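Protein chains in written order, with our numbering: chain A, 1 to 246; chain B, 1 to 246.
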C-alpha cells in the first residue's frame, strides 16, 4: 500500500463542501466516485479539513492508501478526466506511511474575496461577496491585528456539536488588500474553528458599516461570546488557499 | 427624448450573444425586459456589435433614446436590480442626439484568455480556453505582428450571409502576455469581421502545435482564403474588452 497526498482545487458554487452527506453533492463524493472508476478501490480518504457548502479551495489536500500500482502522474491525469469540471487534481505524490492530510497539517491560509463596487461583477457570481459601501482598508487592517497571536476564539465560532474542548488557536497573520475593486482578506492560523474566518470578516465589515465600534476587537475576543462579534459573512467569498505541512 | 449611452459587462456562459433570437436567451432580451420593467418603454436599442453565443464582455455599449425622466444614476441602479446576475450596467450617461453605439464606434479591443496548464482551472470553466501544450509566447507574438496594419482579412472570417462588401480592416495592435498559467491575447482594430479574433487565435495556436508553419502568416493573409487559416478557437475565451468612441 502506498500513502498518497493529492492536492485539489475546486469551485464550491455547486458543491456542498468537502464531507460526504446524504442528499447533497460534496467534493468527497465526486472524488471517491472518480477514484473508484480508475482504481476500483474505495480507500479511506482523509481530507485536510471540512469546508462548508459554497466554500472554494485553491488548495485542498487529501491523503489515502491505495494498493493499485498506477503512477502518480497517471492517477492525476485520470482523475482530471473523471472528475466534474469544478474539481481538479493539481498534484499527486507519495508520502510517508504516517502522513495524514488532517493530523499532519501544521496550519492553513484562507482568503476571503469581496467585490467592492456599487455594481456587481458578472464574473464573480458566487465567487466573491458583493459589498457596495466604501471600505476603509487601513482602518480594518489596523483593527484586524488584534486577531494575530494566541487567543481563545469562542467569539468567532458558530457553536455546534462539532466543536468541543479547546477554542484556542494561533493566528499567524491577517491582512487586507485592495486591487481595484477587489478586496482580499488573508488569514493564516494553526487551525480554525467552525465559521471562524467568515465571522472575522463579518465583524470587520460590521465595523466598517458602523454597526460595531472600531477599537473594540480586543474586547470582543476577550469576551469569549459569539454574540459580541458580527454576522457570519456568506460562504461564497471564502477560499481555502494554502495548507501547510511539516 | 434623451439619447443615453449605457455601458454593460456580461458573462456570456449562459447567454446566446447580444442580438435577440427566437428560442435562445440573449443579452439584448434580458436588457430590454429589465428596461421595460423600469421605464415602461421599448426604445430601439443599438448595440455596439453582435457577439456570439458564449462570448463575454468586460465592456459593451448600448445607445437608446428614451422619454422617461429617470436620472442616469437611478437608471443604472434600477437596471442592476432587474437584470440577471450575469449582466451588469456599469455606467449610464447622456450623449448627443446623433450618437449611435454602433456607427459612432471608432474601434474595439478584444481579449482572448487561455488557461495554459496540464490541469484545468475550476474557476475558469467557460471563461477561458484550456490549452494543455507548452506555448511559445515570444514566437507567437512575433508572428502576430503580421496582423498589424491594414489588410483584407478574408482568411480570418467565417463566410456567411452577414459579411458583405469590404473585408479590409486595420489592426492597431496585437499582443500576447503570460501571467502564471493564464495567457492573454489582446487585439484592437477599427472593426472586426465575423469570428475574426477567434480565427486569429486558432491560427496562432495551430502554429504553436506545428500544424501550420510559423512564418507563413503574411502569406495566409495575402491568400484571402479562409481555408489557409487555422480553426476557429472556442467562444468561451473571448471577451469584448473596450469600445472606442470619438
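Where is the CB? At the ideal position from N, CA and C, for every residue including glycine. Because the structure is a prediction, the values reported are computed rather than measured.
- Using a Cβ-Cβ cut-off of 7 angstroms, residue 81(A) is close to nothing in chain B; its nearest Cβ partner there is about 10 angstroms away.
- Residue pairing of residue 6(A) in beta bridges, as defined by DSSP: 62(A) and 92(A).
- Remark: C-beta atoms of residue 92(B) and residue 35(B) do not approach each other more closely than 8 angstroms.
- Against chain B, the beta carbon of residue 125(A) has neighbours under 8 angstroms at 11, 85 and 86, listed in chain order.
- About 7 angstroms separates the Cβ atoms of residue 85(B) and residue 122(A), confirming a contact at the 8 angstroms cut-off.
- Close to chain A, meaning a Cβ-Cβ distance shorter than 8 angstroms, are the following residues of the region 95-122 of chain B: 118, 119, 120, 121 and 122.
- Looking at 87(A), 144(A), 77(A) and 104(A), the one whose alpha-carbon comes closest to that of residue 229(A) is 144(A).
- Along the length of the region 182-214 of chain A, whole beta strand (DSSP E) runs at least 3 residues long occupy 182-189, reported in chain order.
- The region 15-33 of chain A and the region 46-54 of chain A touch, with no fewer than 3 CB-CB distances between them shorter than 8 angstroms.
- If you draw a straight line from the Cα of residue 25(A) to the Cα of residue 33(A), it is about 11 angstroms long.
- Residues of the region 206-240 of chain B with a Cβ closer than 8 angstroms to any Cβ of chain A: none.
- Proximity of chain B to residue 90(A) at the Cβ level (cut-off 7 angstroms) is accounted for by 119, in chain order.
- Put simply, of 101(A), 37(A), 68(A) and 73(A) the residue whose alpha carbon is nearest the alpha carbon of residue 83(A) is 37(A).
- Of 99(A), 66(A), 58(A) and 116(A), the smallest CA-CA separation from residue 246(A) is found for 99(A).
- The alpha-carbon of residue 43(B) is positioned some 6 angstroms away from that of residue 65(B).
- Counted as a single uninterrupted DSSP element, the beta strand (DSSP E) harbouring residue 176(B) occupies residues 168-179.
- In the three-state scheme derived from DSSP, where H, G and I count as helix and E and B as strand, residue 129(B) is classed as strand.
- For a cut-off of 8 angstroms, the C-beta gap from residue 111(A) to residue 186(A) is around 5 angstroms, short enough to register as a contact.
- Taking the CA atoms as reference points, residue 115(A) sits about 15 angstroms from residue 204(A).
- A straight line joining the alpha-carbon of residue 132(B) with that of residue 157(B) spans about 26 angstroms.
- Looking at the backbone, the Cα of residue 88(B) and that of residue 212(B) are separated by about 40 angstroms.
- In its chain, beyond the 5 residues on either side, 20 have a beta carbon closer than 7 angstroms to the beta carbon of residue 29(A).
- Taking a cut-off of 8 angstroms for Cβ pairs, the region 100-108 of chain A and the region 60-80 of chain A touch, as three or more such pairs fall below it.
- Counting every other CB atom within 10 Å of its CB across the protein chains shown gives residue 113(A) a total of 16 or more, marking it as buried.
- Straight through space, the alpha carbons of residue 138(B) and residue 220(A) are spaced by roughly 55 angstroms.
- Bridge pairing for residue 57(A): 10(A) and 240(A) [DSSP].
- For residue 165(A), there is no enclosing alpha helix (DSSP H), as DSSP gives it neither H nor E.
- Out of 11(A), 207(A), 39(A) and 238(A), the CA that lies nearest to the CA of residue 194(A) is found in 238(A).
- Positions of the alpha helix (DSSP H) runs, each at least 4 residues long and wholly inside the region 95-128 of chain B, cannot be given because no such run exists.
- Using a 10 angstroms sphere on the CB of residue 188(A), the tally of other CB atoms reaches 16 or more, which defines it as buried.
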